[in-house]
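> The structure follows.
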């Protein structure tokens with residue numbers, strides 16, 4: 005049970021942890037995917053999801069909130085003009101974590117955190133309903 009446990013510290017102090025989150029979020033939005041450790045991906049995934057949810061609404065106040073975290077005009081424009089419009093019909097689940105294996109140097113679990121395409125998850129055909 006995880007009672008009274010909140011967030012990930014990642015062995016860093018507050019300032020460097022926030023900077024790490026900002027860097028990972030910026031790179032994921034710019035490139036569409038990043039390769040990182042499992043702990044970092046799990047820590048950053050909710051932040052990316054919240055930013056994409058803000059970008060779907062698209063108001064001026066939402067843009068200011070996103071910019072206050074991202075702190076980059078280019079990334080904010082990408083988020084609101086491209087990614088937000090891509091996920092207008094989707095309510096949640098904008099990102100995916102895919103396991104890649106273990107890093108040779110320190111045996112940490114590596115993953116790929118990627119932003120989904122709008123058509124990457126297609127509805128499944130229910131064959132039992134056809135019968």
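Numbering (our numbering), first residue to last: 5 to 135. All C-beta atoms, glycine included, are put in the ideal place defined by N, C-alpha and C.
Please go through the same chain and pick out, in chain order, the residues whose beta-carbon is closer than 8 Å to the beta-carbon of residue 71, but skip the five residues on each side of it.
As a position in the chain shown, residue 71 is number 67, starting the count at 1. 77, 80, listed in sequence order.
> List the endpoints of the continuous alpha helix (DSSP H) containing residue 94.
Along the chain shown, one-based indexing puts residue 94 at 90. Residue 94 -> no alpha helix (DSSP H), and no H or E assigned at all.
> Can you grab the Cα-Cα spacing for the pair residue 65 / residue 121, in whole Å?
For this step, residue 65 is matched to residue 61 along the chain shown. For this step, residue 121 is matched to residue 117 along the chain shown. Taking the straight line joining both Cα atoms gives about 26 Å.
> Can at least three beta-carbon pairs, one atom from the region 29-46 and one from the region 104-120, be found at a separation below 8 Å?
yes
> Alpha carbon to alpha carbon, what distance is there between residue 94 and residue 21?
Within the chain shown, residue 21 is the residue found at index 17, counting from 1. Within the chain shown, residue 94 is the residue found at index 90, counting from 1. C-alpha separation (whole angstroms): 30 Å.
> Using DSSP bridges, identify the partner residues of residue 37.
Stepping through the chain shown from its first residue, residue 37 is reached at position 33. For residue 37, which the question treats as bridged, DSSP gives the partners 118.
> Out of 108, 27, 49, which has the shortest C-alpha to C-alpha gap to residue 96?
Numbered from 1 along the chain shown, position 92 holds the residue referred to as residue 96. Closest option to residue 96, Cα to Cα, is 49.
> Suppose you measure from the CA of residue 36 to the CA of residue 119; what does that come to, to the nearest Å?
To locate residue 36, count along the chain shown from 1; it is residue 32. To locate residue 119, count along the chain shown from 1; it is residue 115. Computed Cα separation, rounded: 5 Å.
> Tell me residue 113's beta-bridge partners as DSSP assigns them.
Along the chain shown, read from residue 1 onward, the residue named residue 113 stands at position 109. Per DSSP, 106.
> Report yes if the C-beta distance between residue 53 and residue 98 is below 9 Å; otherwise report no.
On the chain shown, position 49 is the one that residue 53 refers to. On the chain shown, position 94 is the one that residue 98 refers to. Cβ atoms of residue 53 and residue 98: closer than 9 Å.
> From this set, 107, 84, 7, 25, which residue's C-alpha is nearest residue 14's C-alpha?
Numbered from its first residue, the chain shown carries residue 14 at position 10. Residue 14 has its Cα closest to that of 25, out of 107, 84, 7, 25.
> What does the Cβ neighbour count give for residue 86, buried or exposed, with the cut at 16 atoms within 10 Å?
Taking the first residue of the chain shown as position 1, residue 86 is located at position 82. It is exposed - the Cβ of residue 86 has fewer than 16 other Cβ atoms within 10 Å.
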